[in-house]
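In what follows, a single structure is set out as structure tokens and then discussed.
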Amino acid sequence: MNKLLTIIVLLFGLSSPGFTDTLPEDHPVNGGMAVIPIDIKQQPEAYFQGNRIPVLPSPQKNQWLLVVAIPLTTNEPIQYIDLTTPIKARIPFHVSDKYYNTQFLTIKDLTKVDPQAADQLRIANETKKLTQIYSHYSNSNPFQSSFAAPIRGPVSSLFGLKRFYNKQPRDPHSGIDIAAKEGDPVKSVSQGVVAETGDYFFTGSTVIIDHGMGVFSLYAHLSKILVQTGQSIQQGQEIGLVGMTGRVTGPHLHWSMIVNQTLVEPLLFVAFRNIATTPVAPAAKTIQSAADVKS
236 MNKLLTIIVL LFGLSSPGFT DTLPEDHPVN GGMAVIPIDI KQQPEAYFQG
286 NRIPVLPSPQ KNQWLLVVAI PLTTNEPIQY IDLTTPIKAR IPFHVSDKYY
336 NTQFLTIKDL TKVDPQAADQ LRIANETKKL TQIYSHYSNS NPFQSSFAAP
386 IRGPVSSLFG LKRFYNKQPR DPHSGIDIAA KEGDPVKSVS QGVVAETGDY
436 FFTGSTVIID HGMGVFSLYA HLSKILVQTG QSIQQGQEIG LVGMTGRVTG
486 PHLHWSMIVN QTLVEPLLFV AFRNIATTPV APAAKTIQSA ADVKS
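In structure tokens form, the structure reads like this:
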């Protein structure tokens, strides 16, 4: 049996691998993530669609966990991870198709819907810069501890929504939106290093944190940035204040997660229940006397 077939047999022959609680949820769909165990003694180096992916030690002896983000545009059910060391091999895994709802938004600033030529050049330059940022891979383990919510509030828009701005189709929603008051503090979801701060066309005042192994978090539409590029950050540290800069309809935090240069569902890192809050109902009025009762 050759090495490729050996890995495939080991991969599909595994039972419950005992994943750690600090890893993102294993949800192999378009826009989701897969956590794939392989039995091999030496730590492998692995790539998905040409991008290096996190490889972590498993609780099981002589086993490693491949953590891969799956693009929203993925439509083929069988995908492949490429190992380059200690051996060269291809590992297949299955991706299920997930349906995402549609959202219609009205934007008053029409230049944010149909950017002018100068804005299109700016967007192209910003996209190139972001690609360079997300291509950085370090050996720092981003999953040493569980991720935490950047802010708590009603979730006003989910990841992956097919979006229409002023009835015009645009790219799917690249993160989740958490409603909050302007000036509310935004906190880092985990420890890391500030990879970028700046003003971007769509996301406005933006902070990007590098958590290691190609895992990044992005915080957008801020009214104020409280950190600097290159600064080390601890989980829960305030990095900015909620605002409504960039393309927005009101104050909120837009939070994205990026893994192997792919935008992925943030709710796989932090459970919905640990983010969302519901409005507090007004307290019932206490009747002090018959005079308080009105017909």
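The numbering used here puts the first residue of the sequence shown at 236, with every later residue one more than the last.
For every residue, glycine included, the Cβ atom is placed at its ideal position computed from N, Cα and C.
Residue i and residue j closer than 7 Å at C-beta
i: A511; j: V424; result: no
i: P207; j: M448; result: Residue 207 is absent from the structure shown; the chain starts at 236 and stops at 530.
i: P306; j: Y315; result: no
i: V442; j: G395; result: no
i: N495; j: N286; result: yes
i: A304; j: T497; result: yes
i: Q298; j: P272; result: yes
i: G388; j: S491; result: no
i: Q426; j: Q469; result: yes
i: P289; j: V302; result: yes
i: P259; j: L503; result: yes
i: V429; j: V450; result: no
i: I460; j: T438; result: no
i: R531; j: F436; result: Shown here, the chain extends from 236 to 530; a query on residue 531 therefore has no answer.
i: L453; j: I386; result: no
i: K422; j: G471; result: yes
i: Y369; j: I493; result: yes
i: D317; j: R325; result: yes
Extent of the continuous beta strand (DSSP E) to which residue i belongs
i: Y334; result: No beta strand (DSSP E) holds Y334; DSSP gives it neither H nor E.
i: P272; result: 268-274
i: K422; result: 420-422
i: P404; result: 403-405
i: Q314; result: 313-320
i: Q298; result: 298-304
i: T572; result: Residue 572 lies beyond the stretch modelled for the chain, which goes from 236 to 530, so this question has no answer here.
i: I474; result: 473-477
i: I288; result: Unbroken run through I288: none, as it is neither H nor E.
i: I220; result: Summary: the structure shown does not reach residue 220, with the chain confined to residues 236 through 530, and so no result is reported for it.
i: G447; result: 439-447
i: A455; result: 450-460
Cβ distance (whole Å) where residue i is taken to contact residue j below 8 Å
i: T480; j: H456; result: 5 Å
i: V505; j: A383; result: 6 Å
i: A269; j: D261; result: 6 Å
i: T192; j: V330; result: Any answer about residue 192 is impossible in this case: the structure gives the chain only from 236 up to 530.
i: S392; j: D406; result: That pair is no contact at about 13 Å.
i: V348; j: Q403; result: 6 Å
Near the ligand GTP: residue i beta-carbon under 6 Å from a heavy atom
i: V290; result: Judged by which ligands are present, the structure shown has none, so any question about the ligand GTP falls away.
Does the region 417-431 come into contact with the region 329-341, if we say contact requires no fewer than three beta-carbon pairs (one atom in each stretch) closer than 8 Å? Result no; under three Cβ-Cβ pairs closer than 8 Å.
Please give me, in chain order, every unbroken run of the beta strand (DSSP E) with length at least 3 that falls completely inside the region 336-401. Considered as a whole, the region 336-401 harbours 337-340, 390-392, 397-400 as its complete beta strand (DSSP E) runs of no fewer than 3 residues, in chain order.
With three or more beta-carbon pairs closer than 8 Å as the criterion, would you say the region 397-408 touches the region 366-384? no
Just checking, does the region 463-478 make contact with the region 274-282 on the three C-beta pairs under 8 Å criterion? no
Ignoring anything shorter than 4 residues or poking outside the region 475-502, list the alpha helix (DSSP H) runs there in chain order. none
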